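**Q**
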Amino acid sequence: MTYDLIDVETPADWRAYHAIRRDVLWTARGRGGYDENHADEFLPMNYPLMLTQDGEPVGATRLDRRGSGVGIVRLVAIRAQLQGQGLGRVLSQRVEVRARQLGITTLFVNAVSNAVDFYAKTGWEPFAWDPTELTNTFVVCVQMRKQLSARP
Ligand SMILES: CC(C)(COP(=O)(O)OP(=O)(O)OC[C@H]1O[C@@H](n2cnc3c(N)ncnc32)[C@H](O)[C@@H]1OP(=O)(O)O)[C@@H](O)C(=O)NCCC(=O)NCCS
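Per numbering that gives the first Met the number 0, the sequence shown starts with residue 0, numbered consecutively.
(1) Under the rule that 16 or more other beta-carbon atoms within 10 Å means buried, what is residue 91, buried or exposed?
(2) Who pairs with residue 61 in a beta bridge, going by DSSP?
(3) Count the other C-beta atoms from every protein chain shown that fall within 10 angstroms of the C-beta of residue 37, then say buried if there are 16 or more, exposed otherwise.
(4) For a test of your reading of the model: does the CB of residue 77 fall under 8 Å from any non-hydrogen atom of ligand 1? Yes or no.
(5) Which of the three DSSP states is assigned to residue 100 in this structure?
(6) Run the CB neighbour count on residue 47, radius 10 Å, all protein chains shown included, and call it buried at 16 or more, exposed below.
(7) I need the DSSP call for residue 136, collapsed to helix, strand or coil.
(8) Can you grab the Cα-Cα spacing for the pair residue 158 / residue 140, in whole Å?
(9) For residue 131, is the classification buried or exposed, using 16 other Cβ atoms within 10 angstroms of its Cβ as the cut-off for buried?
(10) So, using beta-carbon positions, are residue 15 and residue 59 closer together than 9 Å?
(11) Under three-state DSSP, which class holds residue 34?
(12) Just to confirm my understanding: we take residue 70, look at its own chain, exclude 5 residues before and 5 after, and list those with CB closer than 8 Å. What are they?
(13) Taking 8 Å as the cut-off, does the CB of residue 107 come closer than this to any heavy atom belonging to ligand 1?
(14) Return yes when at least one heavy atom of ligand 1 lies under 8 Å from the C-beta of residue 101, else no.
(15) Comparing alpha-carbon positions, which option in 133, 119, 53 lies nearest residue 145?
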């Protein structure tokens, strides 16, 4: 298998990226109102990313770059039928490589409760990084941190 973390750029990329997020993070949780045109997707410091397996989209996330070497990982999703097969770990590793390339040394995430163990197994620790983020659907999230070593 060949894995790549690609920037979401072409119309086909955007369709696949939104489909994964809508299916996994909205529809499967009984939520509506997914907004493909949310302004945060287009901010210059935010990086919509997709994991491909042999060229096929299998996962999505967005890496938001903040100042002072900080990045926020948002809306991590692996296609439902492919979860539990190591792809989340691959996505995590590839995002960390990209983060280092961007000068990021500390990552933050708002983890939904059923993903906390996944993050713990991939090196994250509970850390209250910004309580003001925990509003609306995020109120039940656990804030976590991962400090990146200088080299992978
Ligand atoms: C959470 C998610 C990204 C993990 O990806 P994945 O491909 O299923 O995870 P992996 O197969 O790479 O698992 C890596 C490790 O985490 C563990 N793990 C994964 N999901 C887990 C879960 N929900 N609870 C406990 N452990 C979990 C695996 O057992 C594995 O551990 P191991 O290496 O000791 O065997 C994926 O399941 C997903 O998209 N879930 C729905 C959306 C979601 O919750 N996103 C997170 C938003 S904050």
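Ideal Cβ placement from N, Cα and C applies to all residues, glycine included. Bear in mind the structure is a predicted one, so any value in this text is a computation, not a measurement.
**A** Here's the rundown:
(1) What you label residue 91 is simply residue 92 of the sequence shown in a count that begins at 1. So residue 91 counts as buried.
(2) Here the question's residue 61 lines up with position 62 in the sequence shown. Per DSSP, 47, 73.
(3) Stepping through the sequence shown from its first residue, residue 37 is reached at position 38. Residue 37 comes out exposed.
(4) Taking the sequence shown and counting its residues from 1, the one referred to as residue 77 is at position 78. Correct: residue 77 has its Cβ closer than 8 Å to ligand 1.
(5) Here residue 100 is taken as the residue at index 101 of the sequence shown, counted from 1. The answer is helix: DSSP assigns residue 100 an H, G or I state.
(6) Residue mapping note: residue 47 aligns to position 48 of the sequence shown, counting from 1. Residue 47 should be labelled buried.
(7) What you label residue 136 is simply residue 137 of the sequence shown in a count that begins at 1. Residue 136: helix per DSSP, three-state reduction.
(8) No answer is possible for residue 158: the residues shown for the chain start at 0 and end at 151.
(9) Taking the first residue of the sequence shown as position 1, residue 131 is located at position 132. With a 10 Å radius around the Cβ and a threshold of 16 neighbouring Cβ atoms, residue 131 comes out exposed.
(10) Counting from 1 along the sequence shown, the entry for residue 15 is found at position 16. Counting from 1 along the sequence shown, the entry for residue 59 is found at position 60. It is a contact, given that the beta carbons lie within the stated cut-off.
(11) Numbered from 1 along the sequence shown, position 35 holds the residue referred to as residue 34. Note: residue 34 maps to coil in three-state DSSP.
(12) Position 71 of the sequence shown, counting from 1, holds the residue named residue 70. Answer for residue 70: 62, 63, 64, 98, 101, 103, 105, 106, 107, listed in chain order.
(13) Your numbering for residue 107 matches position 108 in the sequence shown. False, no ligand heavy atom lies under 8 Å from that Cβ.
(14) As a first step, residue 101 must be located in the sequence shown, where it is residue number 102. The answer is no for residue 101.
(15) Position 146 of the sequence shown, counting from 1, holds the residue named residue 145. Among 133, 119, 53, the Cα nearest to that of residue 145 is on 119.
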